[in-house]
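Undergrad:
Chains as they are written, first to last, in the working numbering: chain A, 99 to 399; chain B, 29 to 143.
(1) Taking only beta-carbon positions, decide if residue 120 of chain A is within less than 9 Å of chain B.
(2) Tell me whether residue 179 of chain A counts as near the ligand COA, meaning its Cβ is closer than 8 Å to at least one heavy atom of that ligand.
(3) Is there contact here, the stretch 113-123 of chain A with the stretch 237-244 of chain A, by at least three beta-carbon pairs under 8 Å?
(4) Using a Cβ cut-off of 9 Å (strictly closer), state whether residue 36 of chain B contacts chain A.
(5) Please list, in chain order, the residues of the stretch 115-131 of chain B that have any C-beta partner in chain A closer than 9 Å.
(6) Determine the chain B residues that contact residue 49 of chain A at a beta-carbon separation under 8 Å, and present them in chain order.
(7) With a threshold of 9 Å between beta-carbons, can residue 88 of chain B be considered close to chain A, or not?
(8) Have a look at residue 38 of chain B and residue 326 of chain A and give me their C-alpha separation to the nearest angstrom.
(9) Which whole-angstrom value describes the C-beta separation of residue 54 of chain B and residue 109 of chain B, a residue pair presumed to lie in contact below a C-beta threshold of 8 Å?
(10) Find the nearest neighbour of residue 118 of chain A within the set A/175, A/227, A/340 and A/235, judged by alpha-carbon distance.
(11) In its own chain, which residues sit with a C-beta less than 7 Å from the C-beta of residue 323 of chain A, not counting the 5 before and 5 after it?
(12) Which residue's Cα is closest to the Cα of residue 98 of chain B: B/46, B/76 and B/32?
(13) Please confirm if residue 98 of chain B has its CB atom under 9 Å from at least one CB of chain A.
(14) Near residue 94 of chain B, which residues of its chain fall below 7 Å by C-beta distance, leaving aside the five closest residues on each side in sequence?
(15) Which chain B residues sit within Cβ distance under 8 Å of residue 337 of chain A?
(16) For residue 321 of chain A, which residues of its own chain have a beta-carbon under 6 Å away from its beta-carbon, when the five flanking residues on both sides are left out?
(17) Using a Cβ cut-off of 9 Å (strictly closer), state whether residue 107 of chain B contacts chain A.
(18) How many Å lie between residue 64 of chain B and residue 92 of chain B at the Cα?
(19) For residue 268 of chain A, name the three-state secondary structure that DSSP assigns.
(20) Buried or exposed for residue 230 of chain A, going by 16 or more other Cβ atoms inside 10 Å?
(21) By Cβ distance below 7 Å, which residues in the same chain neighbour residue 106 of chain B in space, the five residues on each side in sequence not counted?
(22) Using a Cβ cut-off of 9 Å (strictly closer), state whether residue 380 of chain A contacts chain B.
(23) I'd like to know whether the C-beta atoms of residue 393 of chain A and residue 176 of chain A end up nearer to each other than 9 Å.
(24) Using a Cβ cut-off of 8 Å, which residues of the stretch 278-300 of chain A contact any Cβ in chain B, in chain order?
(25) Just list the alpha helix (DSSP H) runs in the stretch 233-287 of chain A, keeping only unbroken ones of 4 residues or longer that don't cross its boundaries, in chain order.
(26) Tell me which residues share the same chain as residue 140 of chain B and place their Cβ nearer than 8 Å to its Cβ, disregarding the 5 neighbours each side in the sequence.
(27) Looking at the structure shown, is residue 389 of chain A part of a helix, part of a strand, or coil, going by DSSP?
(28) Can you have a look at residue 383 of chain A and say buried or exposed, based on whether 16 or more other CB atoms are within 10 angstroms of its CB?
(29) Exposed or buried, residue 216 of chain A, counting other C-beta atoms within 10 Å across all chains shown (16 or more means buried)?
(30) Please return the same chain residues whose Cβ sits closer than 8 Å to the Cβ of residue 349 of chain A, not counting the five positions on each side in sequence.
(31) What does the Cβ neighbour count give for residue 365 of chain A, buried or exposed, with the cut at 16 atoms within 10 Å?
(32) Report the residue from A/131, A/344, A/264 and A/205 whose alpha carbon sits nearest the alpha carbon of residue 182 of chain A.
(33) Check whether chain B comes within 9 Å of residue 249 of chain A, counting only Cβ atoms and requiring the distance to be less than that.
(34) Can you tell me where the alpha helix (DSSP H) holding residue 331 of chain A begins and where it ends?
(35) How would you list, in chain order, the residues of chain A whose beta-carbon sits under 9 Å from the beta-carbon of residue 46 of chain B?
(36) In whole angstroms, what separates the C-alpha of residue 126 of chain B from that of residue 196 of chain A?
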């Protein structure tokens, strides 16, 4: 297997390389160490960019060394790297418990293009979507199991707008697991009897309508879910989507949200990589623990 | 973006923004507006007004105000409130379309040009 950063986690589960159903991580969890470094570098460079002459220097520096610096610095983000692996392993273990063993595209696995969509760069989205769709068809993919709400939203809601006769079924893994609640309950090796407050993702609830699934799966694992004031369809944003450009604003948004959650429980469940990275940065400072649903699944199975 | 497509988006945006009754329910629920300590151009209603003035030429692409469009988190809380209390506008998608119009200039490096 050719090793690229997004396939490291897949050595253990040894998923088949081809099949009609594929698990599409879209590299989202695997990219977290790099996202942390990129947003950090942008924030450090921002005060200089507006000064006359510095903008061009920063741009040149980025072209020459940017990629190398980000890759090197991200090697130090061991915690988030190991967390990402655990999450993806937890998801595959849980799927395997209910008899689902999807294929994985390994080094061919594409990114969904959701950032282009968020930024309104539609002319680039079309090109990207066509490329990804052709790749999926080349691998004879009929069904995609997504692990994050942004990718599922793109493949389910946006891709069909650009592809005539779009014929790929798209589901989030929480939907699949919740359809097999009873099997999950029976196979649960370790009951996680604890109270957790849940942070719903904006895309998961308001765009995809996936709300009760995380709750029913949590109940199968023995977890008691506590609801914050802003929850389900009225959930509050973690601040993540604008971190690349407005770090101060993002921090204010995420601080407000984490305080609301931490007032209810020190154990917080999230179900999205962007929420995970934005809320888990307060773990030390506030004495809390932010768990992705995938990590809990790894504990249970 | 072809001329026709750009014109179609401008018309769609003006038509949709015209439906806004300025009830401002979307303003209070916007996390970016709350974090920006009540600066209205960083609220859904404010962004729609900026878009309107950008399209009719009162604002230019390089006006700092237009960057407020990029403070939208695309979280969709405004859509939900508008659906329940207002005119059922897809506010966050209108803002996204506005970013699309803007990106044509930003990506190609045009400045001081009317959208």
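Virtual Cβ for every residue (Gly too), placed ideally from N, Cα, C. Model, not experiment: these values are computed from the prediction.
TA: In short, the structure shows the following:
(1) no
(2) Absent from the structure shown: the ligand COA. Ligands present: none.
(3) yes
(4) no
(5) 123, 124, 125, 126, 127, 128, 129, 130 and 131
(6) Summary: the structure shown does not reach residue 49 of chain A, with chain A confined to residues 99 through 399, and so no result is reported for it.
(7) no
(8) 40 Å
(9) 5 Å
(10) A/235
(11) 294, 296, 313 and 316
(12) B/76
(13) yes
(14) 78, 82, 87 and 130
(15) 59, 63 and 101
(16) 290 and 294
(17) yes
(18) 16 Å
(19) strand
(20) buried
(21) 54, 57, 58, 72, 119 and 120
(22) no
(23) no
(24) 300
(25) 247-251, 257-260, 271-276 and 279-285
(26) Note on residue 140 of chain B: pLDDT 48, under 50, position unreliable in the model; no value is reported.
(27) strand
(28) exposed
(29) buried
(30) 337
(31) buried
(32) A/131
(33) no
(34) Premise fails: residue 331 of chain A is in no alpha helix (DSSP H) and is neither H nor E.
(35) Chain A residues near residue 46 of chain B: none, gap ~21 Å exceeds 9 Å.
(36) 44 Å
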